[in-house]
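Working notes, beginning with the structure itself.
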Amino acid sequence: LADYVRKGIDLLENENGFFMMVEGGKIDWACHSNDGATVIHEVIDFDKAVGEAMKFYLNHPDETLIIVTGDHETGGLGLGSTISGKGNDIALFNNQKASLEVIEKHMSMLTEPTFEQILTEVDSYFGLGTEIALTDYDIKRLRRAYNHTYRGGDGMTESEVSATYGYYDPVTITATHILSEKAGVDWTTYSHTSMPLPVHSIGAGSEMFGGYYDNTDIPKKIIALISE
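Just so we're aligned, residue 1 is where the sequence shown starts under the working numbering, counting upward by one.
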């Protein structure tokens with residue numbers, strides 16, 4: 001994403017000024033799937049993109065405005081696991097080898113795997129079992145997800161399935177949740193939430209973006225600045 005911002009600035013810069021909107025779109029996708037490891041990687045990638053904009057700002061501080069915000073929060077992410085009772089250990093996410101999206105594709109290609117094979121795959125992609133110990137409760141949850149996917153269900157109602165697994169592969173999303181819990185990261189939903197979002201701004205006119213307001217007011221404020 002940083003490369004796109006850098007090249008975009010090169011192409012758009014002119015004496016009349018320019019407007020550029022950049023989205024770290026996969027942050028939202030990763031939050032929908034409660035994929036903590038991928039959220040971290042995507043936010044870091046987005047931060048590097050903002051860094052490219054900051055380089056331009058530092059060369060043109062009196063005529064540049066940078067605004068960073070989001071259109072909504074997703075997933076209800078919280079820090080401090082209530083299941084483990086321990087604090088955050090974010091470094092555990094380093095054990096995840098790929099995004100949930102990629103892991104799901106791999107899992108979909110397995111043909112009638114045994115539960116032992118599933119545990120091997122979970123260990124390979126998440127480090128759960130070898131690098132990170134699994135509790136009896138963790139294994140019970142993984143077996144339930146396995147039975148739901150490969151053994152004709154486990155007696156859950158449609159609404160229970162939706163609340164537990166969303167639209168994701170049951171084994172993969174369960175492993176993702178287990179890793180998040182052990183890292184001290186909790187999720188409350190697969191959907192958007194109503195949590196207020198911060199608006200960070202720097203540069204010309206940035207004083208207009210403090211306080212509380214509907215996010216639909218942001219473009220109105222930008223237009224007002226451009227019209228001055």
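Ideal Cβ placement from N, Cα and C applies to all residues, glycine included.
Query	Result
Assign residue 170 to buried or exposed, taking buried as 16 or more other Cβ atoms, counted over all protein chains shown, within 10 Å of its Cβ.	buried
Taking the runs of the alpha helix (DSSP H) that are 4 residues or longer, which of them lie wholly in the stretch 10 to 65?	25 to 32, 36 to 59
Out of curiosity, what's the CA-to-CA distance linking residue 223 and residue 67?	13 Å
Grouping DSSP H, G and I as helix and E and B as strand, with all else coil, what is residue 152?	coil
Please give the ranges of any alpha helix (DSSP H) in the stretch 86 to 145, keeping only runs that are unbroken, at least 4 residues long and fully inside the region.	100 to 108, 115 to 126
Drop a sphere of 10 angstroms on the beta-carbon of residue 141, count the other beta-carbons inside from all chains shown, and report buried for 16 or more, exposed for fewer.	buried
Specify the secondary structure class of residue 161 as computed by DSSP and reduced to three states.	helix
Could you name the residues of the same chain whose beta carbon sits closer than 7 Å to that of residue 115, not counting the 5 residues immediately before and after it, in chain order?	143, 146
Short of 8 Å in beta carbon distance, which residues of its chain neighbour residue 52, apart from the five on each side in sequence? Order them along the chain.	2, 5, 6, 9
Report the option in 45, 91, 207 whose CA atom is closest to the CA atom of residue 131.	91
Residue 38 and residue 199 - do their beta-carbons sit closer together than 8 Å?	no
Let's see if you can read the secondary structure: which residues bound the beta strand (DSSP E) around residue 72?	Per DSSP, residue 72 belongs to no beta strand (DSSP E) and is neither H nor E.
Among 207, 180, 218, 122, which one has its Cα closest to the Cα of residue 76?	180
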